[in-house]
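Student: Starting off with a structure, shown below.
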Amino acid sequence: MILSADLFLLALRVFVGVLVAGHGAQKVFGAFEGPGLDGFSGHVEKIGFNPARPFAILAAFTEFLGGLAFATGFLTPIVAAMLAVDMLVAIVRVHAPRGLWVQKGGYEYPLTLLVVFALFGLGGPGAYAVDQILGLGILQWSAEIFVVLFVGGALVSFVATRNPVAAAPDRRRPAA
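When you number the sequence shown by my numbering, it's gap-free, plus one each residue, and the end is 561.
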């Protein structure tokens, strides 16, 4: 039996979306041993966003609600652009000073997610998505919507940071 590409897209979207939503839940609610909004706001301030709290709320809810929307394929080009910007900020403001590889706190994982979000944002969610079920017309402009929102979001994010890039402390255990 050969599975369709649309089933593979669905599986990838759900897998990545649920993980990102869980990552956001750490920041929003303090779930899964996460910092919650207060702790995350402190981190956002350290990486240069001022005022930190609104940007922390935006990033945390982008990951939590955006992850759920991405998993279901709802407003895919918009959500994919927001999540891609979130990963770009994580790469540039947190992980880039440590290099590519995750063993040293590098950016390989957020880069992988950025590429996944970009591909879905540019190519659409596949047949098994809320966007398709609802017949949302945004899919015909998916690539254009993604590019405009990604570039705009990236510009706003980097204008909003006033401090130089500094590596955040690596609090994780080494990768196995």
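The beta carbon of each residue, even a glycine, is placed where N, CA and C say it ideally should be.
Under 9 Å between the Cβ atoms of Thr457 and Gly509?
Tutor: Position 72 of the sequence shown, counted from the start, is the residue given in the question as residue 457. Position 124 of the sequence shown, counted from the start, is the residue given in the question as residue 509. Against a cut-off of 9 Å, the Cβ pair of Gly509 and Thr457 comes out as no contact.
Student: Give me, in chain order, the residues of the same chain whose beta-carbon lies closer than 8 Å to that of Ser527; leave out the 5 immediate sequence neighbours on both sides.
Tutor: Numbered from 1 along the sequence shown, position 142 holds the residue referred to as residue 527. Closer than 8 Å at the Cβ level, and outside the excluded window around Ser527, lie Thr461, Pro462, Gly506, Leu507, Gly508, Gly509.
Student: Can you tell me whether Ile530 is buried or exposed? The criterion is at least 16 other CB atoms within 10 Å of its CB, across all chains shown.
Tutor: Looking up residue 530 in the sequence shown gives position 145. Ile530 should be labelled buried.
Student: Hey, quick one: how far does the alpha helix (DSSP H) through Glu430 stretch, first residue to last?
Tutor: Taking the first residue of the sequence shown as 1, we reach residue 430 at position 45. Residues 421 to 431.
Student: Any contact of the region 435 to 449 with the region 399 to 417, i.e. 3+ C-beta pairs under 8 Å?
Tutor: Because the criterion of three Cβ pairs below 8 Å is met, the region 435 to 449 and the region 399 to 417 touch.
Student: What do you get for Phe502, buried or exposed, if any count of 16 or more other CB atoms within 10 angstroms of its CB means buried?
Tutor: For the purposes of this step, residue 502 is taken as residue 117 along the sequence shown, with counting starting at 1. Per the 10 Å Cβ criterion, buried.
Student: Apart from the five residues just before and just after Leu473, which ones in its own chain have a Cβ nearer than 7 Å to its Cβ?
Tutor: Here residue 473 is taken as the residue at index 88 of the sequence shown, counted from 1. Excluding positions up to five away in sequence, the list reads Leu499, Ala539.
Student: Which residues in the same chain have their Cβ closer than 6 Å to the Cβ of Ala406, if we skip the five residues on either side of it in sequence?
Tutor: As a first step, residue 406 must be located in the sequence shown, where it is residue number 21. Excluding residues within five positions, the ones whose Cβ falls inside 6 Å are Phe449, Gly452, Leu453.
Student: Which stretch, first to last residue, makes up the alpha helix (DSSP H) that contains Ser527?
Tutor: Locating residue 527 in the sequence shown gives position 142, where the first residue counts as 1. Where Ser527 is concerned, the enclosing alpha helix (DSSP H) stretches over 527 to 544.
Student: For Val544 and Gly537, what's the separation of their Cα atoms in angstroms?
Tutor: Against the sequence shown, residue 544 aligns to sequence position 159. Against the sequence shown, residue 537 aligns to sequence position 152. The alpha-carbon atoms of Val544 and Gly537 are separated by roughly 11 Å.
Student: Start and end of the alpha helix (DSSP H) containing Phe434?
Tutor: By 1-based counting over the sequence shown, the position of residue 434 is 49. Counting along the chain, Phe434 falls outside any alpha helix (DSSP H), and DSSP gives it neither H nor E.
Student: To the nearest angstrom, how far is the alpha carbon of Phe459 from that of Ile518?
Tutor: Along the sequence shown, one-based indexing puts residue 459 at 74. Along the sequence shown, one-based indexing puts residue 518 at 133. Approximately 10 Å between the Cα atoms of the pair.
Student: Suppose you measure from the CA of Gly409 to the CA of Gln525; what does that come to, to the nearest Å?
Tutor: Your numbering for residue 409 matches position 24 in the sequence shown. Your numbering for residue 525 matches position 140 in the sequence shown. Looking at the two C-alpha atoms, the distance is approximately 29 Å.
Student: With DSSP collapsed to three states, give me the class of Ala465.
Tutor: Here residue 465 corresponds to residue number 80 of the sequence shown, with the count starting at 1. Of the three classes helix, strand and coil, the one that applies to Ala465 here is helix, per DSSP.
Student: Could you check which residue in Leu395, Ile387, Ala481 has the C-alpha nearest to that of Ile432?
Tutor: Against the sequence shown, residue 432 aligns to sequence position 47. Checking every option, the nearest Cα to that of Ile432 belongs to Ala481.
Student: Compute the beta-carbon to beta-carbon distance between Val570 and Ser542, rounded to the nearest angstrom, for a pair I have assumed lies under 8 Å.
Tutor: Summary: the structure shown does not reach residue 570, with the chain confined to residues 386 through 561, and so no result is reported for it.
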